[in-house]
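In the working numbering, the protein residues as written are 95 to 578.
Inspection log for the structure reproduced underneath, given as structure tokens.
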Ligand SMILES: [Zn+2]
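Shown next as structure tokens:
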């Protein structure tokens, strides 16, 4: 969870600090210390439960899950067991056969993270970093509704989108903010029961989820078809070899000797507070998606991409509010904007160009100052110059004009780059005549019915005018000349 401090103490949770600099007696489990629940962690769990259609328990409890591991100094993990905070929810995912598929959520419970063992390659020892010990986690447990690796990935992506909309998790799988433990079982086609389940633990990317599950399904089918038996166990996915490997035989719940944590009182949540949290939820991705299709007339594919990230959807709506037509805003965002952001490895939140600046460029296309090709040039120039102005003052970035002190308008860039499109009919007519008299063969073939040669003529005019000709006018002039 994206809280500033840990779940039972005030230590910071920021990622990437020097080892063991974010610890205190509580989170490293010194004798006699007492945990105090972080109210924000509870709020985040409730937010997530509400957004995934769960019932929120007004009475829940923390339990001790007992086991020994060097990264768990207390000898037990504080978790929730028989009374979790959220139960009986669901999310809808895009189904492979088209339409939607509902995946049930069994429960969401809160718990604390363990530390991290670092196995040094050099020495005969391992190190432990306790910075992560006590960072609040939510474990979201789904019903056995998922049938293929692709559905598992869809489900993970949907959860990640929801968590990011809610602001309760940054969804960063590389930093371990979102991890997947997948239980896999196979059964004969048509049979109702579930086979022996095997847990593939700690998968940390969507790609690996898909690959690990595909491998594990194949392995289980092969074992059964060869007459072997599966054992309930925990396996790890070896990302190098592309196989799962047994880590330990599966423990049962009773191995952990769960019991209510006597240091923490039962958790009683006020109904009024739950309703306050419900009222504070943002518009969720499914609802936003439907609204984008209905209100803006966007194709479903556009709406899906734009609503995957809340910041992306906000950017789009600001552009439309500033005067862009929805489809144009969507096309420019999916095309040029994403391309340039990816090139600079920036998220949409860090975009050097804001929605108003895109609209500024779109207006120059509308009023005929520049054509679409020129607009792309203006867009890239504006993007680079704004990037330079805002983030990179070292001058490492390539801009064809000096770094501006203030944001430049599309009109200024057009002027400085000499990009104004040629819309003077007299001037263009001369070029058109020039092209036609230089290509008598093509003219005859066109008149003989090869109409696709129009593209060739337009291309020639564009070449001579170095892309500056107004394409609409060029088409009109060519049409007129060639029909006589
Ligand atoms: Zn602490």
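For each residue, glycine too, the CB sits at the ideal point set by N, CA and C.
Asked: Nearest to residue 229 (by Cα), restricted to the options 276, 96, 203 and 309; Found: 96
Asked: Contact the segment 556-576 vs the segment 510-518: 3+ CB pairs below 8 Å; Found: yes
Asked: Alpha-carbon spacing of residue 107 relative to residue 163, whole angstroms; Found: 21 Å
Asked: Exposure label - residue 115; buried when at least 16 CB within 10 Å; Found: exposed
Asked: Buried versus exposed, by CB contacts within 10 Å (16 or more), residue 178; Found: buried
Asked: Contact check, residue 139 vs residue 355, beta carbons under 8 Å; Found: no
Asked: Residues near residue 350 in its chain [Cβ-Cβ closer than 8 Å; skip 5 each side]; Found: 159, 160 and 161
Asked: Beta-bridge pairing of residue 368 - partner residues as DSSP gives them; Found: Residue 368 is not bridged to any residue.
Asked: DSSP three-state assignment for residue 461, whether helix, strand or coil; Found: coil
Asked: Inter-residue CB distance, residue 171 and residue 208 (contact presumed, cutoff 8 Å); Found: 6 Å
Asked: Residue ranges of each alpha helix (DSSP H) within the segment 159-224, 4 or longer; Found: none
Asked: Check: residue 117 C-beta below 7 Å from any heavy atom of ligand 1; Found: yes
Asked: Cβ-heavy atom distance, residue 210 to ligand 1, below 7 Å; Found: no
Asked: Which of helix, strand or coil DSSP assigns to residue 562; Found: coil
Asked: Cβ-Cβ distance between residue 525 and residue 559 below 8 Å; Found: yes
Asked: Alpha carbon of residue 195 to alpha carbon of residue 169, nearest angstrom; Found: 41 Å
Asked: Short Cβ contact (8 Å threshold) for residue 472 with residue 464; Found: yes
Asked: Neighbour-count burial assignment, residue 212, 16 or more Cβ in a 10 Å radius; Found: exposed
Asked: Residue interval of the alpha helix (DSSP H) (run including residue 425); Found: 420-426
Asked: When 338, 402 and 396 are compared against residue 420, the one with the closest alpha-carbon; Found: 396
Asked: Contact test: residue 121 Cβ vs ligand 1 heavy atom, cutoff 7 Å; Found: yes
Asked: The segment 269-276 / the segment 319-326 touching (three or more Cβ pairs under 8 Å); Found: no
Asked: Enclosing alpha helix (DSSP H) for residue 236 [first to last residue]; Found: Per DSSP, residue 236 belongs to no alpha helix (DSSP H); it is in the beta strand (DSSP E), 230-236.
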